[in-house]
Every structure is written in C-alpha cells, then in structure tokens.
Amino acid sequence: MAEELTPETPEETDEPIKQRKNGLYPGVSDELAENMKSGWADTELRGLEPIAQAAHTAARRAALSERFPGERLVIPSGNLRTRSNDTEYAFRPSTEYAYLTGDHTHDSVLVLEPRKAGGHEATVYLLPRSDRENGEFWLDGQGELWVGRRHSLTEAEQLLGIPAKDVRDLPAALAEATGPVRNVRGHDAGIEAALTDKVTAERDEELRVYLSEARLVKDEFEIGELQRACDSTARGFEDVVRVLDKAEATSERYIEGTFFLRARVEGNDIGYGSICAAGPHATTLHWVRNDGPVRSGELLLLDAGVETTTLYTADVTRTLPINGRFTELQRKIYDAVYDAQEAGIAAVRPGAKYREFHDAAQRVLAERLVSWGLLGDMDVEKVLELGLQRRWTLHGTGHMLGMDVHDCAAARTETYVDGVLEPGMCLTVEPGLYFQADDLTVPEEYRGIGVRIEDDILVTEDGNRNLSAALPRRSDEVEAWMAGLKG
Ligand code: GLY
Ligand code: MN
Ligand code: MN
1 MAEELTPETP EETDEPIKQR KNGLYPGVSD ELAENMKSGW ADTELRGLEP IAQAAHTAAR
61 RAALSERFPG ERLVIPSGNL RTRSNDTEYA FRPSTEYAYL TGDHTHDSVL VLEPRKAGGH
121 EATVYLLPRS DRENGEFWLD GQGELWVGRR HSLTEAEQLL GIPAKDVRDL PAALAEATGP
181 VRNVRGHDAG IEAALTDKVT AERDEELRVY LSEARLVKDE FEIGELQRAC DSTARGFEDV
241 VRVLDKAEAT SERYIEGTFF LRARVEGNDI GYGSICAAGP HATTLHWVRN DGPVRSGELL
301 LLDAGVETTT LYTADVTRTL PINGRFTELQ RKIYDAVYDA QEAGIAAVRP GAKYREFHDA
361 AQRVLAERLV SWGLLGDMDV EKVLELGLQR RWTLHGTGHM LGMDVHDCAA ARTETYVDGV
421 LEPGMCLTVE PGLYFQADDL TVPEEYRGIG VRIEDDILVT EDGNRNLSAA LPRRSDEVEA
481 WMAGLKG
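Following this line, the structure appears as structure tokens:
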C-alpha cells in the first residue's frame, strides 16, 4: 500500500510522498518513485539581474528599519485561499509584503531582524525549489510540476536583493526569538499563531498604520507604474467601446470580459471588480454582478482599472452613451458631473487640504441640483450645510490610489482625510450623480440615470497631472472618441 500523503512539512518524515492526499492521484510503485528522483538537468539560473524596483524596496525597508529600531518585524505575503474543494482563488500577495520586497509568492515572509550594532538585517523566507528526492515536485498539488517552477533561494536573493532562507525553518526561528516583535496581521494565520505570545494588537496596528502612511507619497518607480496602469486601462476602455454592439447582443458580461482580457494580457489582473453598469444599474455604486442588458439610448457607467504586473492599479470611470450620443437630459446631468470634476481636479495641488477637492466638487453638484429645482427653494449654502445633495451624490469624491485601489486605508485621519496634499500623492477625483429608479423626489425622466467620471490625479510640485487623461472626459469629446472607435 502506498503511504498516506501529504506530510505538509516534508522533512518531518523520511517517508516518500507517493500519493495525493485526496486520492485523485493513483498509487505509485516504489520503482516509479525511485525513477522520478533522478535524470533531471541542473536548471539553476545564474547571474540574474535584480528586479526593477529592488533599489526602491531597499529604501522602503531602510525607512521601516529606522521607524522601529531594535524590534523584529514580520511581514507575511499571505496564503492561498480555497475557492472550492481543491481549487484556490488566484493569489495576490499582501500589499505590505509586495511593497517591501517586490516579491509575489505565497506563504512567504519578510523578517527584519534588529542588529546589535543598529539597523536591521532583512531576510525573505520563501518556499525553495521542490525537492526531487521526496517526490514533492510531482506528487504534491503545490509541487513544481503542477504549478510551475519556483525560484531557488539563491535566484530569489539575486532578483530581490534580499538574503533568502527556507520558510519552513521560520516557525522554529520565531519560537526561539527574544525581544520585541511586530507582525502585520490578517495575511498568515500560521505566522500569527507562532507569534501569539510575543505580540500585541496595539503594537501590530502601529506597524500596519506605518506601512499605510509610508505609501501616501509615491516614489518615482510607483508613479511610473501608476501611469502604466492608467495607459493599459485607457486601452481597455477603447476595447470596450469597440464591442458595444456585441454587449448589446449579450449583456454587461461582454464588457467585463473584454476589459479583463486587456488586464490579463498587459497586467497582472483587474485591480478591483469591474463595474459594468448599463442603464439603471449605474445607480448601484458597486454593481459588479454585470449580468444585465446593454441597451441603445441608455448610459454605460464603466468603472475599471488594470493592475500592473508590479501590482499598481488604475481606478477610472467613464459614463458613455451606448449608442454614441447623449440625450439632452443625459448630457445635462453628465456636464454637471464634468464641471464638478473640473472643480475637484483644480483643487488638487500641494499644500491644499485633502478635503478641498471633495468640497469643491460637492459645491458644484449642489448648485446644479438646486438650479434644476430638485431641492425646492433651499439655497446652496443650506443644502451643503445639511448635506442634502448627498441623496444623489452618495459617496466621497475620491481616495488615495496605489497598490490598493483604496490605498493607504490604515493611515490615520490626521495624515490622510484631515491631512495636506504633497507632491507624489496620487488620488482619484470621481464625483457622481445617481438618480435611483425608485426615487419619487425627482422627475420621472431622471430616474435610473447614473453618471460618474473618475480620473487618477498625481499631485506635482506645482499642481497636478491627470494620469488617465488619455481618455476623453468632456461630453462632446467622448462622443467624437466613440465615433472614431466604432468606425
Ligand atoms: N472602483 C471603486 C472606486 O471608485 O472607488
Ligand atoms: Mn472607481
Ligand atoms: Mn475610486
């Protein structure tokens, strides 16, 4: 009888791996097991160049080291998550780990160990190449023959510019460690269990907050990646316009799939679930079911972003007339949102309070809603004071953008929402107006119309730069652009 597989930690037993644990894999004869051990070429890659962001990740680790002197810092990439039975969701490493290493592998951990002489020694703990002696490479579902070759530890060291060790040795190393430790929680339950007696929630939170605030100002590499994300996203939007007739013949899913193709071919993935909201679905802020009809004469609100292979995402929205021409009412509402976005973008500059762009956009929208008679005879100041415009504006006018679509989410209020804009920050400006299909307080013809325009704005030394400017925004320019693409 073949032994019961799978020793999760192969070195804990001398037994060879000979059968997949769920029984899907047939028994393996001793002869075959022996045969599979040998006859394999040396494929070690030598003289590898470091990844493009290696110098930047080193600078980020140095800043982190300075902030937490004398403390051991543990930053996991995270584990695979089961989708169903033995299939997993596509893996995406934790933003904190990827930001500090540039590595994207799962079950990996960055440890910054304090040196006696000051500073820290960084080590990245990784799963090394599959060991051919114990059969893991071909009999384990995560072996290299099933999921692809991993880097050897030496290769990883060269690529990342960080000394690498076997992650299977990490729990023991952590158990022996003395002195203060901090861990980024929420990514690796095994690491958290190993550290449970050594950390506190409060101190771990300080580390998480630091790593969120460190990302508020983007370095040159990050700005370049955000631009690439926006450029790919613009191409994805063009792809969608070209196939709107096919979407009309099928559903919003055609739009979702079309954009996804661009994201996967040019980037790592989409940075968040694409919102492909046609007709009244545009009034549902996070419409990601995308299973509705696409009809001529209605609007399509498309909110989508390509995530680059380095894990920086765009977050762009355009609201498009499906047949290429806005109706008079659609244009009136669209132009109001455009004007609000213009006012918001104009308020993005170094030294401005973060809240200013939101306030500027909200004021324009409130003015327009009042002028359309939707708020009785109340004046704009009173509307803004009471926030009554929010029945139709619904959400904040933007957020920080970077590796996470809602980036820097753990930053403190005083550094983010109540903070001041600095060169290198990147944020979305995305006002919208949404008239729900069942909103009896607006004229019937408004009901079911939703418009959002969203761009990704970099704060520069003297103002701002729109990274997503490749996509037109003004209503007449949108129509001309669509006409050109539809041919
Ligand atoms: N796509 C989500 C957002 O715009 O914030
Ligand atoms: Mn968006
Ligand atoms: Mn957004």
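Numbering of the sequence shown is given in UniProt numbering, commencing with residue 1 and proceeding in unit increments. Every residue gets a Cβ at the ideal spot worked out from N, C-alpha and C, and that includes glycine. Here the structure is a predicted model, which is why all the values come from computation and not from measurement.
Problem - Exposure of G78, with buried meaning 16 or more beta-carbon neighbours within 10 Å - result: So G78 counts as buried.
Practice task
Kindly confirm or deny that the segment 215-226 and the segment 281-295 touch, where touching means at least three C-beta pairs closer than 8 Å.
Solution key: The segment 215-226 makes no contact with the segment 281-295; the number of CB pairs closer than 8 Å stays below 3.
Practice task
Taking 6 Å as the limit, tell me which residues put their C-beta closer than that to any heavy atom of ligand 3, in chain order.
Solution key: Cβ atoms closer than 6 Å to ligand 3 belong to D315, H399, T428, E430 and E454.
Exercise for the section: Kindly indicate the opening and closing residues of the alpha helix (DSSP H) around residue 493. Expected result: In the structure displayed, the chain extends from 1 to 487; residue 493 sits before or after that span and is not available.
Problem - Any non-hydrogen atom of ligand 1 within 6 Å of Y434 CB - result: When distances are taken from the beta-carbon of Y434 to the heavy atoms of ligand 1, even the shortest one reaches 6 Å or more.
Handout entry: Distance cut-off 6 Å: D303 Cβ against heavy atoms of ligand 1
Key = The nearest non-hydrogen atom of ligand 1 is less than 6 Å from the C-beta of D303.
Handout entry: G102, buried or exposed, once every other Cβ within 10 Å from all chains shown has been counted against 16
Key = Looking at its Cβ environment, which holds 16 or more other Cβ atoms inside 10 Å, G102 is buried.
Problem - Completely contained alpha helix (DSSP H) runs for the UniProt domain "Aminopeptidase P N-terminal" (51-192), where each covers 4 or more residues - result: The UniProt domain "Aminopeptidase P N-terminal" (51-192) contains these whole alpha helix (DSSP H) runs: 54-67, 95-101, 136-139, 144-147, 153-160 and 170-176.
Exercise for the section: Tell me whether D407 is buried or exposed, calling it buried when 16 or more other Cβ atoms sit within 10 Å of its Cβ. Expected result: The residue is buried, with at least 16 neighbouring Cβ atoms inside 10 Å.
Practice task
Would you kindly work out how many angstroms separate the C-alpha atoms of A175 and P76, rounded to a whole number?
Solution key: CA-to-CA, the gap between A175 and P76 works out to about 16 Å.
Handout entry: Inter-stretch contact (C-beta, 8 Å, three-pair minimum) for the segment 300-310 and the segment 266-283
Key = Judged by Cβ distances under 8 Å, the segment 300-310 makes contact with the segment 266-283, as three or more pairs qualify.
Practice task
Tell me whether T284 counts as near ligand 2, meaning its Cβ is closer than 6 Å to at least one heavy atom of that ligand.
Solution key: No, the Cβ of T284 stays beyond 6 Å of every heavy atom of ligand 2.
Practice task
Assuming G448 contacts T283 (C-beta within less than 8 Å), just tell me the rounded distance between them.
Solution key: Right, the Cβ-Cβ distance comes to about 7 Å (below 8 Å), so this counts as a contact.
Handout entry: I453 and Q341 closer than 7 Å at C-beta
Key = With contacts defined as CB atoms closer than 7 Å, I453 and Q341 qualify as a contacting pair.
Exercise for the section: Please confirm whether any heavy atom of ligand 2 lies closer than 6 Å to the CB of T317. Expected result: Yes, Cβ of T317 sits closer than 6 Å to a heavy atom of ligand 2.
Practice task
In angstroms with no decimal places, state the Cα-to-Cα distance between K486 and E252.
Solution key: Taking the straight line joining both Cα atoms gives about 18 Å.
Practice task
State the Cα-Cα distance for the pair L64 and T95, rounded to the nearest angstrom.
Solution key: Just so you know, the alpha carbons of L64 and T95 end up roughly 15 Å apart.
Exercise for the section: Classify E161 as buried or exposed, calling it buried when 16 or more other Cβ atoms lie within 10 Å of its own Cβ. Expected result: What sits at residue 161 in the sequence shown is Gly, not Glu. Classification for G161: buried.
Exercise for the section: May I ask you to verify whether the segment 365-382 touches the segment 408-419, counting CB pairs closer than 8 Å and requiring at least 3? Expected result: Here the segment 365-382 does not lie against the segment 408-419, with fewer than 3 beta-carbon pairs under 8 Å apart.
Exercise for the section: Please specify which runs of the alpha helix (DSSP H), each continuous and at least 4 residues long, are wholly inside the segment 382-416, giving them in chain order. Expected result: For the segment 382-416, the continuous alpha helix (DSSP H) assignments of 4+ residues that do not extend past its boundaries occur at 390-393, in sequence order.
Exercise for the section: Inspect the CB distances between the segment 200-207 and the segment 381-391 and report whether three or more fall short of 8 Å. Expected result: Between the segment 200-207 and the segment 381-391, the count of Cβ pairs shorter than 8 Å is below three; the stretches do not touch.
Exercise for the section: Pick helix, strand or coil for E430, following the three-state DSSP scheme. Expected result: DSSP places E430 in the coil class of the three-state scheme, outside both helix and strand.
Exercise for the section: Mark H187 as exposed unless 16 or more other C-beta atoms lie within 10 angstroms of its C-beta, in which case mark it buried. Expected result: Burial call: buried.
Problem - Euclidean distance between Cα positions of V241 and M482 - result: Whole-angstrom Cα-Cα distance: 7 Å.
Handout entry: Terminal residues of the alpha helix (DSSP H) in which A360 lies
Key = That run of the alpha helix (DSSP H) goes R355 to S371.
Exercise for the section: Just mark N35 as buried or exposed, buried being the case when its beta carbon has 16 or more other beta carbons within 10 Å. Expected result: Exposed.
Problem - Y99 beta carbon less than 7 Å from that of L170 - result: Between L170 and Y99, the C-beta spacing is not below 7 Å.
Exercise for the section: Starting from L302, trace the alpha helix (DSSP H) both ways and give me its first and last residue. Expected result: For L302, there is no enclosing alpha helix (DSSP H); the residue is part of the beta strand (DSSP E) that begins and ends at L299 to A304.
Exercise for the section: Give the range of the beta strand (DSSP E) segment to which D476 is assigned. Expected result: For D476, there is no enclosing beta strand (DSSP E); the enclosing alpha helix (DSSP H) has its first and last residue at S475 to K486.
Practice task
Take K246 as the anchor and find which of G236, F237, R235 and T258 has the nearest alpha-carbon.
Solution key: For K246, the nearest C-alpha among the options comes from T258.
Handout entry: Within 7 Å, strictly: CB atoms of L365 and Q330
Key = Not in contact: L365 and Q330 (Cβ atoms no closer than 7 Å).
Handout entry: Contacts around W392, its chain only, beta-carbon distance under 7 Å, and the 5 residues preceding and following it disregarded
Key = Excluding its 5 nearest sequence neighbours in each direction, W392 has C-beta neighbours in its own chain below 7 Å: L369, L433, Y434 and F435, listed in chain order.
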